[in-house]
Amino acid sequence: MGQGEGHRPPVIDQDGVMYWCLSSQLYAIAPDGEVKWIYQPEESYVDTSPSLGADGNLYVNLTGGEFIC
Numbered sequence: 026m027g028q029g030e031g032h033r034p035p036v037i038d039q040d041g042v043m044y045w046c047l048s049s050q051l052y053a054i055a056p057d058g059e060v061k062w063i064y065q066p067e068e069s070y071v072d073t074s075p076s077l078g079a080d081g082n083l084y085v086n087l088t089g090g091e092f093i094c
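Just so we're aligned, residue 26 is where the sequence shown starts under our numbering, counting upward by one.
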């Protein structure tokens with residue numbers, strides 16, 4: 026497995042979409058199991074589990090201290 030591996034628990038939003046990190050990528054999985062999208066950073070990898078803010082936005086840290094939402 027690639028960088029960014031390890032146990033990273035998923036989060037589920039109010040619509041039932043699950044956000045999960047695997048193999049340095051961030052996945053959005055619909056309630057029916059369909060992959061909605063996959064995010065692969067160009068020069069870094071996902072460093073933390075995703076989290077949902079009170080505003081409903083998805084937040085995740087990347088290596089190198091980058092932060093995306």
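Idealized CB from N, CA, C, for every residue including glycine.
Inter-residue Cα distance where the pair is N87 and A79:
If you number the sequence shown from 1, residue 87 lands on position 62. If you number the sequence shown from 1, residue 79 lands on position 54. Strictly speaking, residue 87 in this sequence is Leu, with Asn absent from that position. A79 has its alpha-carbon roughly 21 Å from the corresponding atom of L87.
Close Cβ partners of L95 (< 7 Å) along its chain, the five nearest in sequence each way excluded
No information on residue 95 is available, as it lies outside the stretch 26 to 94 that the chain covers here.
Can you tell me whether V60 is buried or exposed, with buried defined as 16 or more other CB within 10 angstroms of its CB?
In the sequence shown, the residue the question calls residue 60 occupies position 35. V60 should be labelled exposed.
Cutting at 6 Å between CB atoms, please list the residues of its own chain near Q65, excluding the five before and the five after it.
Position 40 of the sequence shown, counted from the start, is the residue given in the question as residue 65. Within the same chain, and ignoring the five residues on either side of Q65 in sequence, the residues whose Cβ sits closer than 6 Å to its Cβ are Q50.
Just tell me which of A53, P34, I63 and S48 has its CA closest to the CA of D40.
Looking up residue 40 in the sequence shown gives position 15. Shortest Cα-Cα distance from D40 to any of A53, P34, I63 and S48 involves A53.
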